[in-house]
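Data first, discussion second: the structure below is written as structure tokens.
Numbering (this note's numbering), first residue to last: 485 to 650.
Structure, rendered in structure tokens:
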């Protein structure tokens with residue numbers, strides 16, 4: 485049985501997904517409805533606040549097999565680091581239901597530039613160039629938020645779901 489996996493971080497990269505999940509088939513680019521980017525060293529999504537002016541998180545939909553899901557679970561540290569949540573994915577005027585990985589820990593930490601570049605490149609390889617500015621704004625807003633929260637001494641990271649992390 486195949487599933488729809490919605491990737492917004494490292495798994496937006498075609499080559500990386502080909503290594504991890506050779507049977508995954510890209511379905512296209514779109515947005516995770518009602519979710520925005522956040523960084524806690526690595527990518528995460530959090531609910532979009534109404535009226536915040538922050539757009540839905542750009543993402544890539546993949547059709548995956550059970551073997552792909554097992555490989556992704558290992559890569560994402562499921563269920564310790566990430567848990568799975570149901571999300572709605574919008575591509576043009578079409579909506580799909582799928583799952584995404586959601587971090588089990590709160591907090592903000594600025595990601596490495598190399599990691600961020602991989603996400604930007606992955607997303608831009610799927611999206612039309614007319615969306616690139618929006619992709620950059622979504623990612624840059626999340627980086628700035630992480631940086632500001634680190635600078636002001638945001639609350640310590642705490643676990644909010646899943647099993648205890650290693």
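Every residue, glycine too, gets a C-beta built ideally from N, C-alpha and C.
Quick caveat: nothing in here was measured; it's all calculated off a predicted structure.
My assumption, with CB atoms under 8 angstroms, is that residue 469 sits in contact with residue 627. Please give the rounded CB distance.
The shown model of the chain, from 485 to 650, leaves out residue 469, and the question about it has no answer.
With DSSP run on the structure shown, which of helix, strand or coil describes residue 544?
Three-state result, residue 544: strand.
Going by DSSP, which residues form a beta bridge with residue 581?
Looking at the DSSP assignment, residue 581 forms a beta bridge with 572.
In this structure, how does DSSP classify residue 486 when only helix, strand and coil are distinguished?
Three-state DSSP puts residue 486 in coil, outside helix and strand.
Would DSSP call residue 650 helix, strand or coil?
No answer about residue 650 holds up, because its pLDDT of 33 lies below 50 and its placement is not dependable.
Return the CA-CA distance between residue 544 and residue 495, expressed in angstroms with no decimal places.
Between residue 544 and residue 495, the C-alpha separation is close to 8 angstroms.
Grouping DSSP H, G and I as helix and E and B as strand, with all else coil, what is residue 506?
Of the three classes helix, strand and coil, the one that applies to residue 506 here is coil, per DSSP.
Exposed or buried, residue 520, counting other C-beta atoms within 10 Å across all chains shown (16 or more means buried)?
Under this definition residue 520 is a buried residue.
For residue 531, report the span of its beta strand (DSSP E) as first-last.
Run containing residue 531: 526-531, per the beta strand (DSSP E) assignment.
Nearest-angstrom Cα distance between residue 578 and residue 511?
Approximately 12 angstroms, taken between the alpha carbons.
Using 10 angstroms around the beta-carbon of residue 540, count the other beta-carbons present and answer buried if the total reaches 16, otherwise exposed.
So residue 540 ends up on the buried side.
Could you check whether residue 585 and residue 547 sit closer than 7 angstroms to each other, using their CB atoms as the reference points?
No, the pair does not count as a contact, with Cβ atoms beyond the cut-off.
Pull up the distance between the alpha-carbon of residue 534 and that of residue 569, whole angstroms please.
Their Cα atoms are separated by approximately 21 angstroms.
What whole-angstrom Cβ distance do residue 523 and residue 630 have, given they're in contact under 8 angstroms?
The Cβ separation is near 4 angstroms, so the contact holds.
Once the 5 residues before and after residue 581 are set aside, which same chain residues still bring their CB inside 8 angstroms of it?
Within the same chain, residue 581 has close Cβ partners 488, 570, 571, 572 and 573.
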